[in-house]
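Chains as they are written, first to last, in full-length UniProt numbering: chain W, 1 to 453; chain Z, 1 to 453.
Glycine included, C-beta positions come from ideal geometry on N, C-alpha and C.
There are 2 protein chains.
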Amino acid sequence: MAEAVRHDKTARQLRLLSDALDSGRLGPVRRLINTLAPAEIGNLLESLPPGKREVVWGLVDPEDDGEVLVHVGEEVRESLLADMDTDEIVAAVEDLDIDDLADLVEDLPDTVIDEVLKSMDRENRERLEQVLSYPEDTAGRLMNPDVVTVRADVNVDVVLRYLRLRGELPDHTDHLYVVSRRHQYLGRVSLAALVTHEDSTPINRLIDDEQPAIDVGESAQEVARQFSDHDWVSAPVVDDNNILLGRITIDDVVDIIREQAEHQALGAAGLDEDEDLFSPVKRAVRGRVVWLGINLFTAFLAASVIGQFEVTLQKIVALAVLMPIVAGIGGNAGVQVLTLMVRGLALGQVGASNARILLWKEIRVALINGLLIGGIVGIIAFVWFRSPLLSVVIALALILNFCAAAAAGVLLPLLLKRMNIDPAVAGTVVVTAVTDVMGFFCFLGLATLILLH
Amino acid sequence: MAEAVRHDKTARQLRLLSDALDSGRLGPVRRLINTLAPAEIGNLLESLPPGKREVVWGLVDPEDDGEVLVHVGEEVRESLLADMDTDEIVAAVEDLDIDDLADLVEDLPDTVIDEVLKSMDRENRERLEQVLSYPEDTAGRLMNPDVVTVRADVNVDVVLRYLRLRGELPDHTDHLYVVSRRHQYLGRVSLAALVTHEDSTPINRLIDDEQPAIDVGESAQEVARQFSDHDWVSAPVVDDNNILLGRITIDDVVDIIREQAEHQALGAAGLDEDEDLFSPVKRAVRGRVVWLGINLFTAFLAASVIGQFEVTLQKIVALAVLMPIVAGIGGNAGVQVLTLMVRGLALGQVGASNARILLWKEIRVALINGLLIGGIVGIIAFVWFRSPLLSVVIALALILNFCAAAAAGVLLPLLLKRMNIDPAVAGTVVVTAVTDVMGFFCFLGLATLILLH
């Protein structure tokens, strides 16, 4: 399997490192670490328990410290920063790109921030302040103000001479941006166009003005969608007056896409995306107990439904044996529908215009699945308890619960979204609350009606 | 919320389109569609129910047809292809990049494939055959053989003259690859270096030979990890003899990362990632009923545990009311641990070297959460049923089930992985099977021991 192959490399490094650490030979550990990219070192640090983590952190080349800090989760970052004094932190972060520094700055102690600001030249300090003035998760926060601009009224030769004079370009520069005298964004010229055209070609013949600039207030998720739909490597960011402010690059977008996926996967289990594999026990408890409490509430809701049927249960104990099946399978069916809806919502594919069609489709699927699964369960229940009526009751209850699951799976995520609650996080709780309640109610209710009379 | 903002644009387009379609005005629909990128059109098509989908597909500019086909899921692709005749398909796909064509080719009818191959020139046909000769989900399948190579013994001026002669560069060309006479990969030269250095600079002074080339057999997931860890835009692909075969670009990597995330999210609910929002009912039933059947098996397993305690349940009906709480909350706690482990495994952060430490940490978290949640449940149960012993039983059962959940959450994904079963897909079923069985067993077992004697 691909999954197994994929991280052989990382897992092997981890094992090597772990062995070397256990044997106390720090030389090989240092050599191993310094062959890795900062993101890889970050990943490795996250996989180490606190004691070993500190040892390895101490062996990382100080030049990589800043980049490593950018590439670890918030909790691990805090634990790494706790091991550094002010001078070390300042040295680590002062060479970072503005967008990375902006990302990091809020986790730094105030005294460190002051020192970092003091160590920067005025231009960079102003740029950092500008980036920090935009809300988190917007284009303004993701952009790097370091862009290369040219005028439209020159030719390729002038631009090449300018670039040779300028020297190194910022990372991921695939385009130069063409701006007006007032620094308004006019379009872009690719390096590929520059190197494939004659010196005498005027820049305005090479301008691509089709790519719209990104608005500084655009949400990070919309930025990610545009990058992946248009296959961009970088994109210009402008303000309301079309003044060029900076540039977003694909590496940050890849991080956003990864974070979104993590947020969905962890959020669905009520976990904070910053929870560290080795979070201190206290912290892990705090992070998880709230979610368990919410689920406890819905569990008691379901129990109270069962409580209404104590008399029935006392008379027919088989009902107690079978009732979790009705609730459980209904929950699974509901989560399937929910998962499809959450994906559809995340891709913008589901809205008021097609909700009714989806509901109708899912009800039909539920009826057929209900008949199939209900039939199987009915047969097994008959073999077990030899009561044909009980089999009919459980089959009917399953069909009803599958329909409830379909309705809840389609409608609740839409409702949650309208209430500004993330359906990827809260969806499972509310959908399974419905299928639990409906499952117990239909099964025990039908049993009371049919079996007790 | 960001999620709500993000797809305002897509949702708005969908609404506009839907309204225009309903009113039968196809002119505005066509104009709207042709302002979109192929990936956006694909997304829109996926969000339309079959009837409307065909109408809109008919309005897409034939020039975009191929790219749109690349950007939709397999099920939708099939429905779109079904609307086209052979000539249309050949015209749509013949201008695609080799890697995109390779991706598509398996969904095409055999007669169409023959026509497509006939329409290609020999060089491209050989390239396509080469790409198709590598297994799916490997670097060989992702690469595009269209690369720009230079020799090390020339200078910038020669390269620039060569590029001007050559004209347009392949998309996402940020580096030229330096090869030996035998086409062995020696290193890369960035376009940024070319445009910032004097004409007379020898290429071998600009070579970056630090980036390792990707092996053609590398898994797609490992490729994605390397791209995101190293912030690459493109990377060279070589065979065992270091002969340069092609190039992988970031746009394909972004697709892999998105697909991985989808696979995890949908797989956890037992859904096929190709399931279309508007899959025909029959197909949706077939896709989901297997998963429900597997879950049915574990539900009956849990029921059979309850069946062992019929006598106890008959005597104390309150047990039937409360037992789903023990199983349900245990399941939630188990899924939290499982989710952390699945993430750790996917990142290569979890292995034999730290499993024991993680297990011990999770057991401690489980004990504390068990005491907290068990305490709360015990108190509520006392208020409800006025039996102190019953409260003790349920609190104890919860603590035990939290510990079982922690152990199952840590150990089962490791075991599944060793058995080459994807823990992201199968994990929830097996972990909740454990928490259901243990929940019912501990609660009813303790009740039998403590309350009946």
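Check: Same chain, Cβ closer than 7 angstroms to residue 448 of chain Z, five either side skipped, listed in chain order; Outcome: 309 and 312
Check: Rounded straight-line distance, which links the Cα of residue 21 of chain Z to that of residue 62 of chain Z; Outcome: 20 angstroms
Check: Proximity below 8 angstroms, CB of residue 326 of chain W to CB of residue 401 of chain W; Outcome: yes
Check: Separation of residue 25 of chain Z from residue 53 of chain Z, as counted between CA atoms; Outcome: 15 angstroms
Check: Entirely enclosed beta strand (DSSP E) segments - the stretch 325 to 369 of chain W, minimum 3 residues; Outcome: none
Check: Identity of the residue in Z:282, Z:195, Z:218 and Z:230 nearest residue 210 of chain Z by Cα; Outcome: Z:230
Check: Nonlocal neighbours in the same chain, by C-beta distance under 6 angstroms from residue 319 of chain Z, ignoring five residues either side; Outcome: 313 and 447
Check: Residue 447 of chain Z in three-state terms, based on DSSP; Outcome: helix
Check: C-alpha distance - residue 453 of chain W paired with residue 383 of chain W, whole-angstrom precision; Outcome: 23 angstroms
Check: Beta-carbon spacing of residue 355 of chain Z, residue 375 of chain Z below 8 angstroms; Outcome: no
Check: Which residues DSSP lists as bridging residue 190 of chain W, in chain order; Outcome: W:175
Check: Contacting residues, own chain, Cβ-Cβ under 8 angstroms from residue 410 of chain W (five flanking each side not counted); Outcome: 337, 341, 355, 358, 359 and 362
Check: Under 8 angstroms between C-beta atoms of residue 45 of chain Z and residue 70 of chain Z; Outcome: no
Check: Any C-beta of chain Z under 8 angstroms from that of residue 175 of chain W; Outcome: no
Check: Short-range partners of chain Z found in the stretch 350 to 362 of chain W, where Cβ spacing is below 9 angstroms; Outcome: 350, 351, 352, 353, 354, 357, 358, 361 and 362
Check: Chain-ordered residues of the stretch 45 to 76 of chain W with a beta carbon less than 7 angstroms from chain Z; Outcome: 46, 47 and 49
Check: Test: residue 448 of chain Z CB closer than 8 angstroms to a CB of chain W; Outcome: no
Check: Proximity of residue 365 of chain Z and residue 281 of chain W at Cβ, strictly below 8 angstroms; Outcome: yes
Check: Reduced DSSP secondary structure (H/G/I, E/B, other) of residue 236 of chain Z; Outcome: strand
Check: Proximal chain Z residues relative to residue 213 of chain W, where beta-carbon distance stays under 8 angstroms; Outcome: None at all; the shortest Cβ gap to chain Z is about 15 angstroms.
Check: Near-chain Z residues of the stretch 392 to 408 of chain W (beta-carbon distance less than 7 angstroms), N- to C-terminal order; Outcome: none
Check: Under 7 angstroms by beta carbon: chain W residues contacting residue 18 of chain Z; Outcome: 353
Check: Neighbour-count burial assignment, residue 297 of chain W, 16 or more Cβ in a 10 Å radius; Outcome: exposed
Check: Contact list for residue 329 of chain Z against chain W, beta-carbon separation under 9 angstroms; Outcome: 292, 295, 296 and 299
Check: Minimum Cβ-Cβ distance from residue 202 of chain W to chain Z less than 8 angstroms; Outcome: no
Check: Simplified DSSP state of residue 162 of chain W, which is helix, strand or coil; Outcome: helix
Check: Cβ contact (3+ pairs, closer than 8 angstroms) linking the stretch 255 to 266 of chain Z and the stretch 283 to 292 of chain W; Outcome: no
Check: Closer than 8 angstroms to chain Z by CB, residue 254 of chain W; Outcome: yes
Check: C-beta contact flag for residue 368 of chain W and residue 285 of chain Z at 8 angstroms; Outcome: yes
Check: Residue interval of the alpha helix (DSSP H) (run including residue 246 of chain W); Outcome: Residue 246 of chain W -> not in any alpha helix (DSSP H); beta strand (DSSP E) instead, spanning 244 to 249.
Check: Residues sharing a beta bridge with residue 215 of chain W, DSSP; Outcome: W:238
Check: Per DSSP, the bridge partner or partners of residue 149 of chain Z; Outcome: Z:177
Check: Residue range of the alpha helix (DSSP H) that includes residue 58 of chain W; Outcome: 50 to 59
Check: Collapsed DSSP secondary structure at residue 280 of chain W in the structure displayed; Outcome: coil
Check: Buried or exposed (CB count within 10 angstroms, at least 16 for buried), residue 304 of chain W; Outcome: exposed
Check: Within 8 angstroms, strictly: CB atoms of residue 116 of chain W and residue 254 of chain Z; Outcome: no
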